[in-house]
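Novice: Residue numbers (my numbering), protein chains in the order written: chain A, 56 to 205; chain B, 7 to 595.
Glycine included, every Cβ here is placed at the ideal spot set by N, Cα and C.
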Amino acid sequence: MSVAESASGEVAILYVEDEPDDVWFMRAAFERCGLSVSLCTVSDGQQAIAYLAGEPPFHDRTRHPLPVIVLLDLNLPLRSGFEVLRWIRAQPGLQKLTVIVFSSSGRTEDRRKAAELGASHYTEKPTSGVQFREVANDLKQRWLAADGAG
Amino acid sequence: VKTDSNTPLTARPMPSWALSLVLFVVLTGAMAYLRLVVFGDHTVTLSYGWPLLICLWHRDRRLLWSLAAAFTAIIAYKSLILLGGGLSADDAMHVLNLLIVAVVAHAFIILFEKLEERRRALEQSNDELKASHEEIARQNEELQAQAEELAQQNEEIQHQSEEMQQQAEEITAQAEELQETNAQLLRRETWMHALLQALPTSVRPGEFADRLCEPLQTLFGESADAVAIIERVGDELAVLAHRGAVPLGRSRWPVDKSFAAVVMAEDRTAFVEDIDLRPDLTIPSTEGHRPRSVLATPLRLGGRPAGVIMVYSVRPRQWTADEFRIVEWASAQCSLAMESHQLREQLARTNKELDSLVSQRTAELQEIVQDLEHFSYTITHDLRAPLRAMHGFASMLDEDCRDQLSMESRDYILRITTAAARMDRLITDALSFSGAARKEFEMVPTDPGRLLRGMVESYPVFQPPAAHVHIAPDLPLVLGNEAALTQCFSNLLGNAVKFVEPGNTPRVTIRAERRGEMVRLWFEDNGIGIAPALQSRLFGMFQRLNKSYEGTGIGLALVKKVTARMGGTVGVESEAGRGSRFWLELKAG
Numbered sequence: 056m057s058v059a060e061s062a063s064g065e066v067a068i069l070y071v072e073d074e075p076d077d078v079w080f081m082r083a084a085f086e087r088c089g090l091s092v093s094l095c096t097v098s099d100g101q102q103a104i105a106y107l108a109g110e111p112p113f114h115d116r117t118r119h120p121l122p123v124i125v126l127l128d129l130n131l132p133l134r135s136g137f138e139v140l141r142w143i144r145a146q147p148g149l150q151k152l153t154v155i156v157f158s159s160s161g162r163t164e165d166r167r168k169a170a171e172l173g174a175s176h177y178t179e180k181p182t183s184g185v186q187f188r189e190v191a192n193d194l195k196q197r198w199l200a201a202d203g204a205g
Numbered sequence: 007v008k009t010d011s012n013t014p015l016t017a018r019p020m021p022s023w024a025l026s027l028v029l030f031v032v033l034t035g036a037m038a039y040l041r042l043v044v045f046g047d048h049t050v051t052l053s054y055g056w057p058l059l060i061c062l063w064h065r066d067r068r069l070l071w072s073l074a075a076a077f078t079a080i081i082a083y084k085s086l087i088l089l090g091g092g093l094s095a096d097d098a099m100h101v102l103n104l105l106i107v108a109v110v111a112h113a114f115i116i117l118f119e120k121l122e123e124r125r126r127a128l129e130q131s132n133d134e135l136k137a138s139h140e141e142i143a144r145q146n147e148e149l150q151a152q153a154e155e156l157a158q159q160n161e162e163i164q165h166q167s168e169e170m171q172q173q174a175e176e177i178t179a180q181a182e183e184l185q186e187t188n189a190q191l192l193r194r195e196t197w198m199h200a201l202l203q204a205l206p207t208s209v210r211p212g213e214f215a216d217r218l219c220e221p222l223q224t225l226f227g228e229s230a231d232a233v234a235i236i237e238r239v240g241d242e243l244a245v246l247a248h249r250g251a252v253p254l255g256r257s258r259w260p261v262d263k264s265f266a267a268v269v270m271a272e273d274r275t276a277f278v279e280d281i282d283l284r285p286d287l288t289i290p291s292t293e294g295h296r297p298r299s300v301l302a303t304p305l306r307l308g309g310r311p312a313g314v315i316m317v318y319s320v321r322p323r324q325w326t327a328d329e330f331r332i333v334e335w336a337s338a339q340c341s342l343a344m345e346s347h348q349l350r351e352q353l354a355r356t357n358k359e360l361d362s363l364v365s366q367r368t369a370e371l372q373e374i375v376q377d378l379e380h381f382s383y384t385i386t387h388d389l390r391a392p393l394r395a396m397h398g399f400a401s402m403l404d405e406d407c408r409d410q411l412s413m414e415s416r417d418y419i420l421r422i423t424t425a426a427a428r429m430d431r432l433i434t435d436a437l438s439f440s441g442a443a444r445k446e447f448e449m450v451p452t453d454p455g456r457l458l459r460g461m462v463e464s465y466p467v468f469q470p471p472a473a474h475v476h477i478a479p480d481l482p483l484v485l486g487n488e489a490a491l492t493q494c495f496s497n498l499l500g501n502a503v504k505f506v507e508p509g510n511t512p513r514v515t516i517r518a519e520r521r522g523e524m525v526r527l528w529f530e531d532n533g534i535g536i537a538p539a540l541q542s543r544l545f546g547m548f549q550r551l552n553k554s555y556e557g558t559g560i561g562l563a564l565v566k567k568v569t570a571r572m573g574g575t576v577g578v579e580s581e582a583g584r585g586s587r588f589w590l591e592l593k594a595g
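(1) Residues in its own chain within less than 6 angstroms of B/Thr16 by CB, not counting five upstream and five downstream?
(2) Any beta-carbon of chain A closer than 9 angstroms to the one on B/Phe399?
(3) Please identify the residue among B/Glu379, B/Ser337, B/Gly90, B/Asp480 whose C-alpha is closest to the C-alpha of B/Arg444.
(4) Nearest to B/Phe399 by alpha carbon, out of A/Tyr70, A/Val78, A/Ala170?
(5) Runs of 4 residues minimum, wholly inside the stretch 80-120 of chain A: which ones carry the alpha helix (DSSP H) assignment?
(6) So with Cβ pairs under 9 angstroms, would you call A/Gly207 a contact of chain B?
(7) Please list the terminal residues of the continuous beta strand (DSSP E) segment that includes B/Glu591.
(8) What in chain A is Cβ-close to B/Met402, meaning under 8 angstroms?
(9) Cutting at 6 angstroms between CB atoms, please list the residues of its own chain near B/His100, excluding the five before and the five after it.
(10) Give a yes or no on whether the minimum CB-CB distance between A/Lys180 and chain B is below 9 angstroms.
(11) So which residues of chain B does A/Glu74 contact, with C-beta pairs closer than 7 angstroms?
(12) Using a Cβ cut-off of 9 angstroms (strictly closer), state whether B/Gly441 contacts chain A.
(13) Is B/Thr452 close to chain A? Criterion is C-beta to C-beta, closer than 9 angstroms.
(14) Indicate, with yes or no, if the ligand ATP has a heavy atom lying under 8 angstroms from the CB of B/Arg571.
(15) Could you work out which residues of chain B lie near A/Gly161, taking near to mean beta carbons separated by less than 7 angstroms?
(16) Go through its chain and collect everything with a Cβ distance to A/Leu194's Cβ below 6 angstroms, but skip five positions before and after it.
(17) What first and last residue would you give for the beta strand (DSSP E) that runs through B/Val514?
(18) A/Phe80 CB to nearest chain B CB: under 9 angstroms?
(19) For B/Asp273, count neighbouring Cβ atoms within 10 angstroms of its own Cβ and tell me buried if that reaches 16, exposed if not.
(20) For B/Ile177 and B/Glu186, I'd like the C-alpha separation in whole angstroms.
(21) Check whether the Cβ of A/Asn192 lies closer than 9 angstroms to any Cβ atom in chain B.
(22) Roughly how many whole angstroms lie between the Cα atoms of A/Gly205 and A/Val92?
(23) I need the straight-line Cα distance from A/Gly203 to A/Arg197, nearest angstrom please.
(24) If we ignore side chains and look at the alpha-carbon of each, how far apart do A/Tyr70 and B/Asp406 end up?
(25) Looking at the unbroken alpha helix (DSSP H) that takes in B/Gly35, where does it start and where does it end?
(26) Report the three-state DSSP secondary structure of B/Arg126 (helix, strand or coil).
(27) Hey, is the stretch 348-356 of chain B in contact with the stretch 123-135 of chain A, meaning 3+ C-beta pairs nearer than 8 angstroms?
(28) Could you tell me which chain B residues have their CB closer than 9 angstroms to the CB of A/Asp99, listed as they occur along the chain?
(29) Could you give the first and the last residue of the continuous beta strand (DSSP E) run that contains B/His248?
(30) Helix, strand or coil for B/Ile163? Go by DSSP, reduced to three states.
(31) Strictly under 9 angstroms for the Cβ-Cβ distance: is B/Thr569 near chain A by that measure?
(32) With a threshold of 9 angstroms between beta-carbons, can A/Ser175 be considered close to chain B, or not?
(33) Which chain A residues sit within Cβ distance under 7 angstroms of B/Asp406?
(34) B/Asn12: buried (16+ other C-beta within 10 angstroms of its C-beta) or exposed?
(35) Between the C-alpha atoms of B/Asp47 and B/Ser22, what's the straight-line distance to the nearest angstrom?
(36) Could you tell me how far apart the beta carbons of B/Glu537 and B/Met547 are, in whole angstroms, since I believe they sit closer than 8 angstroms?
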């Protein structure tokens, strides 16, 4: 997998989320956990696809590096998380990209559909914003360590 | 006694040896004594032959000839030894005498023997005859007895035969009566059959009446030349159906002044003997085959006269009471058939309307269900996000500004986070309840023991020292859905460890009981228990029976709903303060 690194040399994680509070909590959690990654965020499915495809305004890979992990909410404006996931898995270059579905839905059919569409993992959003730290910790230990980030 | 004819005749008994020997010794001795001792020196003309005659009594031919030989020897001995001379003529005479007697005796003995033999044979055959005679007498008696019995039976049979004859006569009489009734019924049945056959077919009312008309004419036979079913439509009479050789000429005519109007108004059967004598009544007719007499009865629809059945004749005549009965009966049947036909048509129309209504409503409902599903999905996301933020920010406020906050402020923050967490749980529980109510489960044989052990292993609250959960080994398989069962078990186990007196360690035992086709899983705890009066509300939605424990009041409602969806039941046995025994009954897997 060819991973473009940002100017600072950090790997990037793309967080697709329309709730500003959740983005805020995720950033706080990353800081608290000392994750040295650049957290890129987009707020709808359309933008997520544009980002990953490198289309304007995300064509500058130094400012918008290709992520090693995509954190993907399901309930998104314009195009849903499932549509984004389906699009990702249809791209020849993105077959092996780690996509973690991050949704407040605990429904079994959503979990099953995510798995069918090729999600690497399914994490249910915690009840509290502070618990995003646990998600950040999990990312650090489980997903970034394996990639040998840094 | 039967004689065995195969046995040979018994042989003549041999004369006694001993007696022969004694006679021989005595006679020979006596003869020798007389000849040799008493008359030893001279010859006496004594007959030597006489002693031999003893053999006619003791019939032994050996004795006879032995005596003859012995006496001859004595003669020889006396003549030759005692007297010392030769054999004299006397001696020869003696011997001859002896021989003659011996021969005669011999002949007699043989004769006697033969006679004896004959006598025996005769006696034997006599015995046989006697026996067979007795046998015949006995058989005769038996035959007599049998003959008497036969005579008695014969008498009985004769008696029965007479009875049967009487019964047969009675039956014949009944059969004749029945045959007569049958013939009557048969005619009516034919008509009813035609009536019923006309019923199920969906045809126009006119066509339907037409079908009834033909068998109606048959019912009257030759006494009717035509029949018609006529309905009143407003101020006119309309011919619904008509059959027969008399044409009516018109299909509609005014009610006013018609015979039909009279019959309907009086609401009873009536006839016109000769139409030509009643110029006041309009009775439709054409030239040629004109009806001369008519019988009419009201045809009721919905209880009121709505028409008439007319029976026409080409000759003036009186109509009999029997014909009255037939036409009234036919009218009643026609009414029923026509009403039922109307109802059927109406029912078919209503059914069709209902069908389209049902499919319309179903489509609407499906739309509503989809809307609801979308609604609950949106609630999950849109309601939970602000709660997450509330909880998160309050927690961070508590963390980051702990030193600057008063105890009171921190209590407020705690209350905010508790409320937010509770709200979130309410939302998730309500969602899983509505999900369980809608979802179709795939049912497979499932091992409840495996699910329960996995649950205990994954959650420290079910492990010592927090709680002691004992799962009986070898719980039987149940027919269920793994996700649904997990939902039930986690609620029941969660409740069991939650509702205990503070300071008590929860102890939970899970065991199974086979109940025929079903398996009942028991969850027994040492918790606070439930008063019997409250147990009926336990499985209701949003029922929280004890507010000192955390909860949304959805858990057991969810267990009940999910279990019902798996075709099972749920219940509880408990007393306040003595623990609870919850049970879950499912089909065996």
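Specialist: On the basis of the data shown:
(1) Note on B/Thr16: pLDDT 49, under 50, position unreliable in the model; no value is reported.
(2) yes
(3) B/Glu379
(4) A/Val78
(5) 100-108
(6) In the structure as shown, chain A starts at 56 and stops at 205, and residue 207 of chain A therefore has no counterpart that could be examined.
(7) 586-593
(8) Ala83, Gly184, Val185
(9) Tyr54, Ile81
(10) yes
(11) Ala391
(12) yes
(13) no
(14) As presented, the structure is devoid of all ligands, the ligand ATP included, so that no description of it is given.
(15) Thr434
(16) none
(17) 513-521
(18) yes
(19) exposed
(20) 14 angstroms
(21) no
(22) Because the pLDDT at A/Gly205 is just 38, under 50, the model does not fix this residue reliably, and the value given afterwards should be weighed accordingly. Using only the alpha carbons, I get a separation of about 9 angstroms.
(23) Its pLDDT being 45, under 50, A/Gly203 is placed unreliably by the model, and nothing is read from it.
(24) 25 angstroms
(25) 23-38
(26) helix
(27) no
(28) Neighbours of A/Asp99 on chain B: none; closest Cβ ~14 angstroms, over 9 angstroms.
(29) 242-250
(30) helix
(31) no
(32) no
(33) Neighbours of B/Asp406 on chain A: none; closest Cβ ~10 angstroms, over 7 angstroms.
(34) Note that B/Asn12 has pLDDT 46, beneath the 50 cutoff, so the model's placement of it is unreliable and no number is given.
(35) 37 angstroms
(36) The question names Glu, but residue 537 of chain B is Ala in the sequence shown. No, B/Ala537 and B/Met547 are not in contact; Cβ-Cβ is about 20 angstroms, not under 8 angstroms.
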